[in-house]
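Note that the protein sequences, when read in sequence, are chains A and B. In terms of the numbering used here, the first sequence is residues 90 to 228. In terms of the numbering used here, the second sequence is residues -2 to 58. For each residue, glycine too, the CB sits at the ideal point set by N, CA and C. Keep in mind that this is a model prediction, so the values were computed, not measured. To start, the structure under review is shown below, and the notes come after it.
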Amino acid sequence: MFSREKSPKEPRPPLKTWLPAVALGWLVPGGGHMLLRRYGRGGLLMAAVAGMYLFGLMMRGALFTPKVADLFTTIIHCGGFFGNLASGLLYFLTVWFGYDQPDMPGMVHDYGTKFLVTAGLLNVLAMVDAHEIAVGKKD
Amino acid sequence: MPKVNLSHFEAALLFALFAAVVLGIVTKRTDRERLIYGLYCLVGFVAFLFGLGWLMYLGHG
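Right under this line is the structure:
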């Protein structure tokens, strides 16, 4: 039979190698890549994430607030809030300057809400990519 | 803040474009692979959009 050999665990990369890039990537979409001198990719990520977020705002999309009720409501609201929060500074500026809007019925508003959440989720992908570049798993 | 009113198709196309740019950049290792994968995602999104649109139209009777 096959014997399963345990491969030795790779040592975790030190925090200071990846934390600044990931943190900056969260606050400023594409910023992590720019810190790692990937200016082209950083610029494109910034344009895509910020573009999606701004279109979401211009479509009068709503931001989520965490709400605990039944399971479905909790998943939707807490997940949506996490997605919004992942946009970093864009989210904070929206709240600080009062651009967050109440949830309204309508196709365009609904698209806007999805754009706002997806912008944050795309930024999470960008942060993972910045992490992989910082620890040397990726060019 | 200006307000934009987009149709279903325009909004979905814009969504596909932004998502394809990010997916292309983060998943592949060379610029050529990124461009090809980004275009692949964009075409896939749009094809799915049309496919689902027709499915809903035909399913609705």
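- Taking tyrosine 34(B) as reference, the option from Gly21(B), Ala8(B) and Arg26(B) with the minimal CA-CA separation is Gly21(B).
- Annotated three-state conformation of alanine 215(A) is helix, per DSSP.
- The Cβ-Cβ distance between methionine 141(A) and asparagine 2(B) does not fall below 9 angstroms.
- DSSP places tyrosine 34(B) in the uninterrupted alpha helix (DSSP H) bounded by 28 to 57.
- Of all C-beta pairs linking the region 183 to 201 of chain A to the region 216 to 228 of chain A, fewer than three are shorter than 8 angstroms, placing the two stretches out of contact.
- The region 205 to 213 of chain A makes no contact with the region 92 to 107 of chain A: fewer than 3 CB pairs, one atom from each, lie closer than 8 angstroms.
- Judged by their CB atoms, valine 138(A) and leucine 179(A) are nearer to each other than the 9 angstroms cut-off.
- Flagged as an interface residue toward chain B: arginine 130(A), by a C-beta distance shorter than 9 angstroms.
- Sequence-distant partners of glycine 201(A) (beyond 5 residues in either direction) whose C-beta falls short of 8 angstroms from its own C-beta, in its chain, are Phe144, Gly145, Leu146, Met147, Met148, Arg149, Gly150 and Ala151.
- In terms of Cβ geometry, glycine 132(A) and glycine 121(A) do not form a close pair [threshold 9 angstroms].
- For alanine 110(A), the secondary structure class from DSSP, reduced to helix, strand or coil, is helix.
- Linking phenylalanine 47(B) to alanine 8(B) through their CA atoms gives a straight-line distance of about 14 angstroms.
- Assignment of alanine 151(A) by DSSP, reduced to helix, strand and coil, places it in the strand class.
- Following the DSSP letters along the chain, one finds phenylalanine 15(B) inside the alpha helix (DSSP H) bounded by residues 5 to 24.
- Listed along chain B, no residue sits closer than 7 angstroms to phenylalanine 161(A) by beta-carbon distance, the nearest being about 23 angstroms off.
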